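Visitor:
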Amino acid sequence: MKFGVVIFPGSNCDHDAYHVVSKVIGQPVNFIWHKEQEINDYDAIILPGGFSYGDYLRTGAIARFSPIMKAIKDFARDGGIILGICNGFQILCEAGLLPGALMRNRSLKYVCEHVNIRVERADTPFTSGYQRGQVLSIPIAHGEGNYFCDEATMAELESQNRIIFRYCDSGGAVTIESNPNGSLNNIAGITNREGNVLGMMPHPERASESALGCKDGRSLFLSLAESLREMIKLRA
Amino acid sequence: MKITPEILDQHNVTPEEYERIKQLMGREPNLTELGIFSVMWSEHCSYKSSKVHLRRLPTEGECLVQGPGENAGIVDIGDGWCAAFKIESHNHPSFIEPYQGAATGVGGILRDIFTMGARPIAAMNSLRFGPIRDEEIDDSREQTSSRSVARNRRIMAGVVKGLGDYGNAFGVPTVGGEVAFADCYSLNPLVNAFALGLVRREHIFYGKAEGIGNSVIYVGAKTGRDGIHGATMASAEFDEAAMEKRPTVQVGDPFSEKLLLEACLEAMRAGAIVGIQDMGAAGLTSSSCEMGARAGTGLEIDLDLVPQREAAMTAYEMLLSESQERMLIVAKRGHDRQLMEIFHRWDLDAVVIGQVIAEQRLRVFHKGEVVADIPNKALTDEAPRYDRPRRPFAVSTEDVTPKIEAAVSKLKSQIGDESQVFTEILRRLVASPNLASKRWVYRQYDHMVRTNTVVPPGSDAAALRVKETRRSLAMSLDCNGRYCHLNPREGAKLAVAEAARNVVCGGARPLAITNCLNFASPERPEVMWAFSETIDGIAEACRALGTPVTGGNVSFYNETDGEGVYPTPVIGMLGLIEDARHTTTQWFKEAGDVILLLGLTRNDLGASELLSLMMGAAGEAGGAVPRLDLEAEKAIQKVCLEAIQAGLVRSAHDCSDGGLAAALAESCFSSYGREAIGARIDLSEHAKLSGIDESTALLFGESPSRIISSLKPEHVPEVKNIARRAGVVCAVIGEAGGNELSVACDSKPLIEVAVASLEEAWRNALSSYLDRPA
Numbered sequence: 024m025k026f027g028v029v030i031f032p033g034s035n036c037d038h039d040a041y042h043v044v045s046k047v048i049g050q051p052v053n054f055i056w057h058k059e060q061e062i063n064d065y066d067a068i069i070l071p072g073g074f075s076y077g078d079y080l081r082t083g084a085i086a087r088f089s090p091i092m093k094a095i096k097d098f099a100r101d102g103g104i105i106l107g108i109c110n111g112f113q114i115l116c117e118a119g120l121l122p123g124a125l126m127r128n129r130s131l132k133y134v135c136e137h138v139n140i141r142v143e144r145a146d147t148p149f150t151s152g153y154q155r156g157q158v159l160s161i162p163i164a165h166g167e168g169n170y171f172c173d174e175a176t177m178a179e180l181e182s183q184n185r186i187i188f189r190y191c192d193s194g195g196a197v198t199i200e201s202n203p204n205g206s207l208n209n210i211a212g213i214t215n216r217e218g219n220v221l222g223m224m225p226h227p228e229r230a231s232e233s234a235l236g237c238k239d240g241r242s243l244f245l246s247l248a249e250s251l252r253e254m255i256k257l258r259a
Numbered sequence: 020m021k022i023t024p025e026i027l028d029q030h031n032v033t034p035e036e037y038e039r040i041k042q043l044m045g046r047e048p049n050l051t052e053l054g055i056f057s058v059m060w061s062e063h064c065s066y067k068s069s070k071v072h073l074r075r076l077p078t079e080g081e082c083l084v085q086g087p088g089e090n091a092g093i094v095d096i097g098d099g100w101c102a103a104f105k106i107e108s109h110n111h112p113s114f115i116e117p118y119q120g121a122a123t124g125v126g127g128i129l130r131d132i133f134t135m136g137a138r139p140i141a142a143m144n145s146l147r148f149g150p151i152r153d154e155e156i157d158d159s160r161e162q163t164s165s166r167s168v169a170r171n172r173r174i175m176a177g178v179v180k181g182l183g184d185y186g187n188a189f190g191v192p193t194v195g196g197e198v199a200f201a202d203c204y205s206l207n208p209l210v211n212a213f214a215l216g217l218v219r220r221e222h223i224f225y226g227k228a229e230g231i232g233n234s235v236i237y238v239g240a241k242t243g244r245d246g247i248h249g250a251t252m253a254s255a256e257f258d259e260a261a262m263e264k265r266p267t268v269q270v271g272d273p274f275s276e277k278l279l280l281e282a283c284l285e286a287m288r289a290g291a292i293v294g295i296q297d298m299g300a301a302g303l304t305s306s307s308c309e310m311g312a313r314a315g316t317g318l319e320i321d322l323d324l325v326p327q328r329e330a331a332m333t334a335y336e337m338l339l340s341e342s343q344e345r346m347l348i349v350a351k352r353g354h355d356r357q358l359m360e361i362f363h364r365w366d367l368d369a370v371v372i373g374q375v376i377a378e379q380r381l382r383v384f385h386k387g388e389v390v391a392d393i394p395n396k397a398l399t400d401e402a403p404r405y406d407r408p409r410r411p412f413a414v415s416t417e418d419v420t421p422k423i424e425a426a427v428s429k430l431k432s433q434i435g436d437e438s439q440v441f442t443e444i445l446r447r448l449v450a451s452p453n454l455a456s457k458r459w460v461y462r463q464y465d466h467m468v469r470t471n472t473v474v475p476p477g478s479d480a481a482a483l484r485v486k487e488t489r490r491s492l493a494m495s496l497d498c499n500g501r502y503c504h505l506n507p508r509e510g511a512k513l514a515v516a517e518a519a520r521n522v523v524c525g526g527a528r529p530l531a532i533t534n535c536l537n538f539a540s541p542e543r544p545e546v547m548w549a550f551s552e553t554i555d556g557i558a559e560a561c562r563a564l565g566t567p568v569t570g571g572n573v574s575f576y577n578e579t580d581g582e583g584v585y586p587t588p589v590i591g592m593l594g595l596i597e598d599a600r601h602t603t604t605q606w607f608k609e610a611g612d613v614i615l616l617l618g619l620t621r622n623d624l625g626a627s628e629l630l631s632l633m634m635g636a637a638g639e640a641g642g643a644v645p646r647l648d649l650e651a652e653k654a655i656q657k658v659c660l661e662a663i664q665a666g667l668v669r670s671a672h673d674c675s676d677g678g679l680a681a682a683l684a685e686s687c688f689s690s691y692g693r694e695a696i697g698a699r700i701d702l703s704e705h706a707k708l709s710g711i712d713e714s715t716a717l718l719f720g721e722s723p724s725r726i727i728s729s730l731k732p733e734h735v736p737e738v739k740n741i742a743r744r745a746g747v748v749c750a751v752i753g754e755a756g757g758n759e760l761s762v763a764c765d766s767k768p769l770i771e772v773a774v775a776s777l778e779e780a781w782r783n784a785l786s787s788y789l790d791r792p793a
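Now the structure itself:
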């Protein structure tokens with residue numbers, strides 16, 4: 024099993040993602056430079072957080088043109104597992120691998136703090152270690168995390184159960200007050216139709232060790248490793 | 020062009036200084052050369068008014084690897100790792116253009132860290148603004164209050180956003196700092212940016228141009244016309260025309276800086292670099308002559324080769340530009356190509372623009388002609404030194420107790436009994452801008468990126484783990500401008516003591532400091548006296564506490580229309596937690612834990628937050644500052660640290676602004692992953708040991724050298740023993756638990772309040788001033 028963490032110029036959570044995979048869940052991981060054209064022998068790709076290309080023009084808008092993105096699209100089409108965190112989510116939306124867009128936070132301010140999110144599905148490769156309805160405490164850190172899409176897309180996301188995480192209060196209730204950025208339907212994370220690409224604004228890699236005060240994010244990476252193990256077994 | 024008195028004046032060069040320039044040059048300088056002298060001899064670059072005093076600071080210590088004089092100070096933190104850290108001011112630009120001024124302050128300090136070979140892992144900042152509440156404006160002054168409150172809020176919002184946007188995009192967590200308010204900062208906001216990085220001891224780099232014939236390589240962003248004379252702008256007081264100086268403020272690009280960081284560290288690891296320096300204040304000029312001066316060599320550069328963002332720039336403009344995100348590198352021989360490939364991989368310019376020469380000169384070519392040719396030493400070591408006149412002013416010895424008691428009595432007649440009055444005072448204190456929660460600020464900073472932040476903003480000291488080791492680092496920025504204004508020497512000592520106490524409360528042994536000395540015009544003898552006193556105060560406290568000075572920054576001329584800032588020497592203390600398990604926070608942990616108070620309370624109401632609160636703008640700064648006994652301070656810190664290291668302590672919190680009552684409240688408030696918790700406090704034993712019977716001073720006095728600690732009941736005897744052995748007074752003052760904070764003394768109730776309601780007042784205060792239209 025091998026994880027790859029893509030480095031775009033301006034990525035700054037690349038080391039954090041690498042650290043979680045290599046040190047916290049103990050799996051092999053490599054960095055992938057954005058100018059590379061191919062992804063060979065990877066089982067899962069992480070698009071990390073940060074400010075790719077300074078987030079100039081629009082978050083993720085330039086990164087989608089990086090040479091690596093064609094390979095990422097092929098990888099996704101072939102069913103490869105892709106996790107986009109924060110800026111990674113924004114890039115996935117810009118690249119058309121996920122629907123919708125992330126607009127500026129309702130407050131117009133950057134927000135860094137722990138929020139509660141509810142696990143909407145525990146039957147995905149990313150969330151199998153959680154219970155449906157479980158409330159996780161995971162930090163957010165973004166200025167543009169306000170998820171938006173048109174009504175038709177939203178209807179599709181809801182009916183196809185593609186919303187994986189929603190902002191909620193500590194009891195799991197999805198409320199306006201618990202929505203930190205104004206996202207439609209309190210969306211914190213969604214998948215593509217096929218379920219192999221997840222984009223999420225919260226940072227599970229920042230909540231995977233007790234030294235950092237919270238381990239709620241660790242199960243996401245453990246789930247991923249477990250799912251990959253199954254997939255590899257099936258392939259064999 | 021002939022140099023006229025008008026030209027000298029425009030360059031802020033005095034006639035005497037001009038004579039000295041001619042003497043050092045052996046001829047008249049041309050305009051470009053005069054421009055170079057004007058920035059290199061500016062207060063900002065040359066420290067000409069402060070150097071004679073800075074010599075008195077202690078700069079030696081066991082852990083010290085690099086003291087003052089380099090881009091940043093460096094201390095050994097064990098296991099082969101070193102920490103490079105420094106603080107720098109960006110006050111003047113932040114007043115003129117808050118967002119970019121603050122942003123480029125972060126950019127500059129980060130470059131100072133990574134030029135040393137260290138990857139920045141933490142940033143902090145110390146901020147001072149004018150009042151943001153209407154009632155704090157003194158109406159007797161010319162400006163209308165609403166105008167200045169609106170301006171102060173706008174400056175603060177811009178500065179915080181600038182600091183956040185730069186640090187967030189660069190990818191360094193901003194983990195703490197301080198924000199304080201006083202009228203004197205209305206037209207002179209202070210923005211001091213701190214950064215810390217990690218480097219292996221054998222991988223430290225210096226700003227030295229060694230090796231005759233080695234290539235001088237320009238890397239990073241292109242040079243534009245921005246920031247010309249930025250250093251000179253920051254070396255003069257402001258008047259009503261200050262806003263015309265907006266073009267001297269640079270524009271930051273954190274994205275370029277991030278690329279520059281990665282490329283520089285990669286080139287360093289590849290062994291391609293001999294010396295490297297940031298082009299900060301005075302840009303290309305200062306980096307080239309300082310690198311030469313440090314190595315005893317010279318530099319020859321050709322401006323035609325410099326990457327330029329604008330057309331037809333003159334030599335003068337290119338040499339004085341302060342365009343951001345640029346570095347000058349002296350390459351190891353034979354490694355030019357390798358070095359340039361690394362930078363090109365990161366899409367950055369990297370161009371050979373000259374070479375190291377044996378003559379100790381800075382020689383600059385432009386369009387085939389020599390446009391400047393100056394001995395390095397003339398720009399650096401031979402820069403003027405002034406021992407400016409000093410005039411002592413009387414330090415305040417006023418006893419403010421009668422004033423405060425009168426105000427308290429008045430409140431009693433309005434509110435009712437004593438405990439209701441003290442409770443109301445506490446509520447107002449914790450909601451005052453100085454004491455209120457700074458969540459509005461640090462929420463805009465990514466304080467978690469790089470996943471090292473083990474104690475986020477909000478506790479006495481921020482703490483970061485050093486992933487490769489069992490260690491953590493604790494850090495704190497501290498200064499109380501009011502204290503320093505009333506008594507510069509004692510105020511400086513108090514700042515050092517508090518900074519050390521804060522990292523001790525975090526579980527760390529204080530290692531060393533960096534400082535940012537913010538003052539008004541050095542040409543005023545009172546200011547210069549305060550500066551000199553400050554240096555002696557810092558020196559005395561640092562010697563006593565064993566924390567050498569690793570460097571820092573002096574910012575003079577924080578003065579507009581003749582009104583200057585309080586002397587504000589901000590102390591940045593770095594502490595080492597040898598075993599990360601000893602990392603401690605200020606918050607009570609569990610019901611049933613016993614609360615101890617180390618140290619004594621005296622009648623120290625002078626210069627207190629309470630005084631400001633009760634007397635309004637008129638009483639803002641008065642009274643005798645709290646008395647500090649450095650031996651007692653040292654003993655109390657030793658006891659606290661020993662108890663923490665023995666695994667006996669569950670929380671530790673320094674008592675400072677707002678006194679014991681505010682500190683107790685802060686320990687009760689909720690923190691991440693932990694609900695608020697009440698406390699039942701009885702101060703009888705502590706008051707008896709302290710020999711104090713005035714309730715107001717007991718609750719709100721700001722005696723230093725006190726630490727509130729909570730522990731499991733079974734550990735009380737052991738901690739008491741540790742204290743006894745060190746001769747430190749230690750009293751049990753209560754127990755954590757419940758939803759209320761209640762404080763009593765000699766069976767008399769003093770404070771009774773639901774923690775939740777107190778916390779709400781504290782938590783929402785800043786946003787209630789800043790998130791509404793002024």
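Which chain is which? The protein sequence lines are A and B, in order.
Quick note on my numbering: the first sequence kicks off at 24 and runs consecutively.
Quick note on my numbering: the second sequence kicks off at 20 and runs consecutively.
All residues carry an ideal CB built from backbone N, CA and C; glycine is no exception.
It should be emphasised that the depicted structure is a prediction, and the values quoted were computed from it without experimental measurement.
From A:Glu-61, A:His-57, A:Phe-31, A:Glu-117, pick the residue whose C-alpha is nearest to that of A:Gly-222; which is it?
Guide: A:Glu-117
Visitor: Below 8 Å on the Cβ atoms is my guess for B:Tyr-185 versus B:Gly-149; work out the distance and round it to an integer in Å.
Guide: Their Cβ separation, rounded to whole angstroms, is 23 Å, which puts B:Tyr-185 and B:Gly-149 out of contact at 8 Å.
Visitor: Is the CB-CB distance between B:Leu-496 and B:Gly-124 below 8 Å?
Guide: no
Visitor: Using the Cβ count rule (16 or more neighbours within 10 Å means buried), how would you classify B:Arg-46?
Guide: exposed
Visitor: Who are the neighbours of A:Phe-74 on chain B, taking C-beta pairs under 9 Å?
Guide: Asn-187, Ala-188, Phe-189, Gly-190, Pro-273, Phe-274, Lys-277
Visitor: For the beta strand (DSSP E) that contains B:Gly-373, what are its first and last residues?
Guide: 368-376
Visitor: What are the boundary residues of the beta strand (DSSP E) that includes B:Gly-570?
Guide: 568-574
Visitor: Listing by chain order, which chain A residues have their CB less than 9 Å from the CB of B:Tyr-691?
Guide: Chain A residues near B:Tyr-691: Glu-136, His-137, Ser-160, Gly-236, Cys-237.
Visitor: With a threshold of 16 other CB atoms inside 10 Å of the CB of B:Phe-114, please say whether the residue is buried or exposed.
Guide: buried
Visitor: Note down the Cα distance separating B:Arg-490 from B:Val-235, rounded to an integer number of angstroms.
Guide: 38 Å
Visitor: Let's test the definition: count the other Cβ atoms within 10 Å of the Cβ of B:Thr-587 and tell me whether it reaches 16, buried, or not, exposed.
Guide: buried
Visitor: Who are the Cβ neighbours of A:Val-47 in its own chain at under 8 Å, not counting the five residues just before and after it?
Guide: Counting only Cβ-Cβ distances below 8 Å, and skipping sequence neighbours, we find Ser-231, Glu-232, Arg-241, Phe-244.
Visitor: On the criterion of 16 or more Cβ atoms from any shown chain inside 10 Å, does B:Gly-246 qualify as buried, or is it exposed?
Guide: Within 10 angstroms of the beta-carbon of B:Gly-246 lie 16 or more other beta-carbons, which makes it buried.
Visitor: Measuring CB to CB, does B:Asn-577 end up less than 8 Å from B:Asn-110?
Guide: Less than 8 Å separates the beta-carbon of B:Asn-577 from that of B:Asn-110.
Visitor: Comparing C-alpha positions only, which one of B:Leu-536, B:Asp-479, B:Arg-74 sits nearest to B:Leu-683?
Guide: B:Asp-479
Visitor: Looking at the secondary structure, which residues open and close the beta strand (DSSP E) in which B:Lys-657 lies?
Guide: Where B:Lys-657 is concerned, there is no enclosing beta strand (DSSP E), although the alpha helix (DSSP H) it sits in stretches over 649-664.
Visitor: Could you give the residue range of the beta strand (DSSP E) that holds B:Glu-759?
Guide: In the DSSP annotation of this structure, the continuous segment of the beta strand (DSSP E) that includes B:Glu-759 starts and ends at 759-764.
Visitor: Given that a residue counts as buried once 16 or more other Cβ atoms are within 10 Å of its Cβ, and exposed if not, what is A:Gly-27?
Guide: buried
Visitor: Are the C-beta atoms of B:Gly-467 and some chain A residue less than 8 Å apart?
Guide: Just to set this straight, residue 467 of chain B is Met in the shown sequence, not Gly. Chain A, which has a Cβ nearer than 8 Å to the Cβ of B:Met-467, makes this yes.
Visitor: Identify whether B:Asp-701 lies in helix, strand or coil by the three-state DSSP scheme.
Guide: strand
Visitor: Whose C-beta lies closer than 6 Å to the C-beta of A:Tyr-153 among residues of the same chain, with five residues either side of it excluded?
Guide: Val-142, Ala-145, Ser-242
Visitor: Just checking my contact of B:Pro-394 with B:Arg-380 at CB under 8 Å: how many whole Å lie between their CB atoms?
Guide: With 8 Å as the limit, B:Pro-394 and B:Arg-380 qualify as a contact, their Cβ atoms being about 5 Å apart.
Visitor: For the beta strand (DSSP E) that contains B:Met-81, what are its first and last residues?
Guide: Per the sequence shown, the amino acid found at residue 81 of chain B is Glu instead of Met. Element bounds for B:Glu-81: n/a, residue is neither H nor E.
Visitor: Around the C-beta of B:Met-175, are 16 or more other C-beta atoms found within 10 angstroms, so that it is buried, or is it exposed?
Guide: buried
Visitor: Counting C-beta neighbours from all protein chains within 10 Å, is the total for B:Thr-23 16 or more, i.e. buried, or is it exposed?
Guide: exposed
Visitor: Counting only beta-carbon separations shorter than 8 Å, does A:Phe-26 have a partner in chain B?
Guide: no
Visitor: What number of angstroms, rounded off, separates the C-alpha of B:Thr-193 from the C-alpha of B:Glu-309?
Guide: For B:Thr-193 and B:Glu-309, the distance between alpha carbons rounds to 30 Å.
Visitor: Using the beta-carbon of each residue, which ones in chain B are nearer than 8 Å to A:Pro-32?
Guide: Phe-274, Lys-277, Leu-278, Trp-365, Asp-366
Visitor: With 16 as the cutoff for other CB atoms within 10 Å, does B:Arg-220 come out buried or exposed?
Guide: exposed
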